[in-house]
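Novice: Attaching a single structure in C-alpha coordinates format; questions to follow.
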Amino acid sequence: DEVDVIPCFDCCGKQNKETEDFIILVNHKLGIKSCCLRPLFLFAYKMLLKRCREREKDCSLSVTETVQLSRAVL
(Lines of atoms letter the chains of each structure in order from A; the text may use other names.)
(Lines give C-alpha, C1' and ligand atoms only; values in the text may rest on other atoms or scores of the structure.)
Protein backbone atom coordinates (compact mmCIF):
# COMPACT_ATOMS: atom_id res chain seq x y z
CA ASP A 157 0.00 0.00 0.00
CA GLU A 158 2.58 2.56 1.08
CA VAL A 159 6.29 2.58 1.91
CA ASP A 160 7.99 5.44 3.74
CA VAL A 161 11.46 6.12 5.05
CA ILE A 162 11.62 6.90 8.76
CA PRO A 163 14.44 9.37 9.49
CA CYS A 164 16.71 7.92 12.14
CA PHE A 165 19.75 10.07 12.78
CA ASP A 166 20.99 8.18 15.84
CA CYS A 167 20.40 4.61 14.63
CA CYS A 168 24.12 3.95 14.18
CA GLY A 169 24.78 4.84 17.81
CA LYS A 170 22.13 2.54 19.31
CA GLN A 171 23.29 0.04 21.92
CA ASN A 172 21.99 -3.24 20.49
CA LYS A 173 21.03 -3.46 16.84
CA GLU A 174 19.81 -7.05 17.19
CA THR A 175 16.81 -6.05 19.30
CA GLU A 176 15.94 -2.93 17.32
CA ASP A 177 13.28 -3.09 14.62
CA PHE A 178 14.48 -1.48 11.40
CA ILE A 179 11.34 -2.29 9.44
CA ILE A 180 8.00 -1.28 10.95
CA LEU A 181 4.61 -2.45 9.70
CA VAL A 182 1.44 -0.64 10.82
CA ASN A 183 -1.80 -1.69 9.14
CA HIS A 184 -0.77 -1.85 5.47
CA LYS A 185 1.94 0.80 5.76
CA LEU A 186 5.62 -0.17 5.71
CA GLY A 187 8.25 2.02 7.34
CA ILE A 188 11.97 1.50 6.81
CA LYS A 189 14.44 3.27 9.08
CA SER A 190 16.93 5.36 7.16
CA CYS A 191 19.95 3.59 8.66
CA CYS A 192 19.04 0.30 6.97
CA LEU A 193 18.54 1.74 3.47
CA ARG A 194 22.17 1.38 2.45
CA PRO A 195 22.55 -2.29 3.52
CA LEU A 196 19.18 -3.11 1.91
CA PHE A 197 20.18 -1.40 -1.34
CA LEU A 198 23.60 -3.09 -1.42
CA PHE A 199 22.10 -6.53 -0.78
CA ALA A 200 19.46 -6.14 -3.49
CA TYR A 201 21.94 -4.65 -5.96
CA LYS A 202 24.46 -7.48 -5.42
CA MET A 203 21.78 -10.13 -5.83
CA LEU A 204 20.52 -8.55 -9.06
CA LEU A 205 24.05 -8.22 -10.47
CA LYS A 206 24.76 -11.82 -9.55
CA ARG A 207 21.68 -12.87 -11.48
CA CYS A 208 22.70 -10.82 -14.53
CA ARG A 209 26.15 -12.44 -14.53
CA GLU A 210 24.71 -15.93 -14.24
CA ARG A 211 22.01 -15.47 -16.85
CA GLU A 212 23.29 -18.37 -18.95
CA LYS A 213 23.57 -20.61 -15.89
CA ASP A 214 20.78 -21.78 -13.64
CA CYS A 215 19.39 -18.68 -11.89
CA SER A 216 18.74 -19.05 -8.20
CA LEU A 217 16.22 -16.17 -8.04
CA SER A 218 12.56 -16.58 -8.87
CA VAL A 219 10.61 -13.99 -10.83
CA THR A 220 8.97 -12.78 -7.61
CA GLU A 221 12.35 -12.36 -5.90
CA THR A 222 13.67 -10.45 -8.90
CA VAL A 223 10.71 -8.05 -8.82
CA GLN A 224 11.06 -7.53 -5.06
CA LEU A 225 14.80 -6.87 -5.30
CA SER A 226 14.26 -4.48 -8.22
CA ARG A 227 11.71 -2.54 -6.19
CA ALA A 228 14.16 -2.36 -3.27
CA VAL A 229 16.86 -0.92 -5.53
CA LEU A 230 14.51 1.62 -7.08
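Mapping to this note's numbering: the sequence shown position 52 is 208, numbers consecutive.
Using N, Cα and C, we set each Cβ at its ideal position, and we do this for glycine too.
Everything numeric in this text was worked out from a predicted model, so none of it was measured.
#1: Contact check, Lys-189 vs Cys-164 under 8 Å by CB: the rounded distance?
#2: What do you get for Thr-198, buried or exposed, if any count of 16 or more other CB atoms within 10 angstroms of its CB means buried?
#3: Could you have a look at Leu-204 and say whether DSSP puts it in helix, strand or coil?
Specialist: With the structure as the only source:
#1: Start at 1 with the first residue of the sequence shown, and residue 189 comes out as number 33. Start at 1 with the first residue of the sequence shown, and residue 164 comes out as number 8. Their Cβ separation, rounded to whole angstroms, is 4 Å, which keeps Lys-189 and Cys-164 in contact under 8 Å.
#2: Residue numbering aside, residue 198 sits at position 42 when the sequence shown is read from its first letter. Rather than Thr, the amino acid found at residue 198 in this sequence is Leu. Looking at its Cβ environment, which holds fewer than 16 other Cβ atoms inside 10 Å, Leu-198 is exposed.
#3: Within the sequence shown, numbered from 1, the residue matching residue 204 stands at position 48. Three-state DSSP puts Leu-204 in a helix.
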